[in-house]
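The structure appears below as structure tokens.
Protein chains in written order, with my numbering: chain A, 1 to 254; chain B, 1001 to 1221.
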């Protein structure tokens, strides 16, 4: 599969203490597409996702070897500006983690931290843009001062995505973003992701194989810290190259 | 065991396909016997029995749809169910060709025989033989055997040409034979189509085994 990679890892090994969580992972994630990472619990999929914005640095005793190249730059080199990196590579988590602030201030928070915008008008416009992108503007425009925790879980998760978007990232990482949502809200978030992929590179970790099959263009299957297979999603779910992938996706184990 | 129930469903469906295959093989053999014996009663029975073949096809299709809806099969499981759906449809069409021969027997049976039947039973035998081995290859998911069976379609095509030319000669020599000769050409055409449908099943076996959809053999007709 010859594609230009937005994110590429070469010989990526990661240890939590002595435990090898990632073993020689080489993945090429194409830009402006959705890539799903699947695999049983503990296979390293979330660890791999967290590598892309160096979130693993926050975990003690973590050692990383190899390279992670984003837009031609190896982010494991010491000259990487982690704050800038985390703005360009946004992340959305399993449960919506809204701050105990108003909707408006939730969105303003990142802009302030990154000193991106000063004028009130600019900020308000950016917030409106963010909410429009995730389909929340119409329903929330009149209650921007309400506390974000009063929103439904789906709205909260959308708000978290908007909070990432207004920082103008290139890449959005999502770790099980729908596991707290009901099936309809899940489908709506998937629709949103499909719309966003025109402008962003999206990597999603999911336990839900049907979700990976529905929403992604490429799928990587991980097992015991190794990337077993990386293929186009339609190929992986109809005719996987590896027997291990076949056994996992058809429920032989996992 | 997680998959035990699912695997049992698949095995049952395979059994159904084999039974359906046996039903259409019997229908082809009986239709050629009825043609030879000019047995209109037997022909009517073949036509009536085709309803059972059709019913079995719908039954298999319904069970496949239920499996897809409830089990979300992927990879080789999904290919197996898709292959079963296609094979059931091909077998149903093969059954229709045998039924078609039955209908010809009803039209032809009251008229004096045109000639002793030699190549037509030979065509039927060849097609049935191909179908039997194809069903075996389906069970074994043997793409190699499936490919080789496809090549045998040439033999059936050659017999068809031979029958066609011979009957044409009859018609040219004696125009009173035209309607009877035409009936026999229809019969041989049906047999030729049966062999083509067998090659379609072979393509599904290759898909099942390898995941590749290919047009293995384009029939001359």
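Backbone N, C-alpha and C fix where the C-beta goes; we use that ideal spot for every residue, glycine too.
Residue i to residue j span [Cα, whole Å]
{"i": "residue 245/A", "j": "residue 175/A", "result": "21 Å"}
{"i": "residue 1095/B", "j": "residue 1159/B", "result": "21 Å"}
{"i": "residue 1001/B", "j": "residue 205/A", "result": "Residue placement at residue 1001/B is flagged as unreliable, the pLDDT there being 46, under the threshold of 50; a coordinate-derived value is accordingly withheld."}
{"i": "residue 20/A", "j": "residue 156/A", "result": "35 Å"}
{"i": "residue 116/A", "j": "residue 237/A", "result": "42 Å"}
{"i": "residue 1173/B", "j": "residue 1153/B", "result": "31 Å"}
{"i": "residue 169/A", "j": "residue 138/A", "result": "24 Å"}
{"i": "residue 188/A", "j": "residue 219/A", "result": "20 Å"}
{"i": "residue 142/A", "j": "residue 102/A", "result": "12 Å"}
{"i": "residue 44/A", "j": "residue 22/A", "result": "6 Å"}
{"i": "residue 224/A", "j": "residue 186/A", "result": "28 Å"}
{"i": "residue 6/A", "j": "residue 34/A", "result": "12 Å"}
{"i": "residue 1116/B", "j": "residue 1202/B", "result": "33 Å"}
{"i": "residue 124/A", "j": "residue 164/A", "result": "16 Å"}
{"i": "residue 211/A", "j": "residue 221/A", "result": "14 Å"}
{"i": "residue 1151/B", "j": "residue 1175/B", "result": "37 Å"}
{"i": "residue 226/A", "j": "residue 62/A", "result": "17 Å"}
{"i": "residue 30/A", "j": "residue 198/A", "result": "12 Å"}
{"i": "residue 104/A", "j": "residue 144/A", "result": "5 Å"}
{"i": "residue 106/A", "j": "residue 183/A", "result": "26 Å"}
{"i": "residue 1089/B", "j": "residue 1035/B", "result": "26 Å"}
{"i": "residue 1060/B", "j": "residue 1216/B", "result": "26 Å"}
CB of residue i within 7 Å of CB of residue j, strictly
{"i": "residue 1205/B", "j": "residue 1138/B", "result": "yes"}
{"i": "residue 1128/B", "j": "residue 1025/B", "result": "yes"}
{"i": "residue 1077/B", "j": "residue 250/A", "result": "yes"}
{"i": "residue 90/A", "j": "residue 172/A", "result": "yes"}
{"i": "residue 1104/B", "j": "residue 1221/B", "result": "no"}
{"i": "residue 1027/B", "j": "residue 1046/B", "result": "yes"}
{"i": "residue 166/A", "j": "residue 216/A", "result": "no"}
{"i": "residue 1155/B", "j": "residue 1132/B", "result": "no"}
{"i": "residue 75/A", "j": "residue 68/A", "result": "yes"}
{"i": "residue 98/A", "j": "residue 180/A", "result": "no"}
{"i": "residue 1211/B", "j": "residue 239/A", "result": "yes"}
{"i": "residue 134/A", "j": "residue 112/A", "result": "no"}
{"i": "residue 66/A", "j": "residue 11/A", "result": "yes"}
Cβ distance (whole Å) where residue i is taken to contact residue j below 8 Å
{"i": "residue 1018/B", "j": "residue 1135/B", "result": "6 Å"}
{"i": "residue 1108/B", "j": "residue 1180/B", "result": "6 Å"}
{"i": "residue 967/B", "j": "residue 1081/B", "result": "With chain B represented from 1001 up to 1221, any question about residue 967/B goes unanswered, as that position is not in the structure."}
{"i": "residue 242/A", "j": "residue 214/A", "result": "So it is not a contact: roughly 22 Å between Cβ atoms."}
{"i": "residue 160/A", "j": "residue 96/A", "result": "5 Å"}
{"i": "residue 1193/B", "j": "residue 1097/B", "result": "6 Å"}
Residues that residue i bridges to, as DSSP identifies them
{"i": "residue 220/A", "result": "37/A, 230/A"}
{"i": "residue 91/A", "result": "173/A"}
{"i": "residue 30/A", "result": "5/A"}
{"i": "residue 62/A", "result": "16/A"}
{"i": "residue 201/A", "result": "171/A"}
{"i": "residue 70/A", "result": "7/A, 73/A"}
{"i": "residue 147/A", "result": "102/A"}
{"i": "residue 25/A", "result": "12/A"}
Interface residues of the segment 1066-1099 of chain B facing chain A [CB-CB below 8 Å]: 1072, 1073, 1074, 1075, 1076, 1077, 1078, 1079
Name the residues in the segment 217-250 of chain A whose C-beta lies less than 7 Å from a C-beta of chain B; which are they? 237, 238, 239, 240, 246, 249, 250
Can you pull out the residues from the segment 191-220 of chain A whose beta carbon lies closer than 9 Å to at least one beta carbon of chain B? 209, 210, 213
Which of the residues in the segment 1012-1046 of chain B, read from start to end, lie with their CB under 9 Å from any CB of chain A? none
Members of the segment 1183-1217 of chain B that neighbour chain A once the beta carbon cut-off is set at 9 Å: 1210, 1211, 1212
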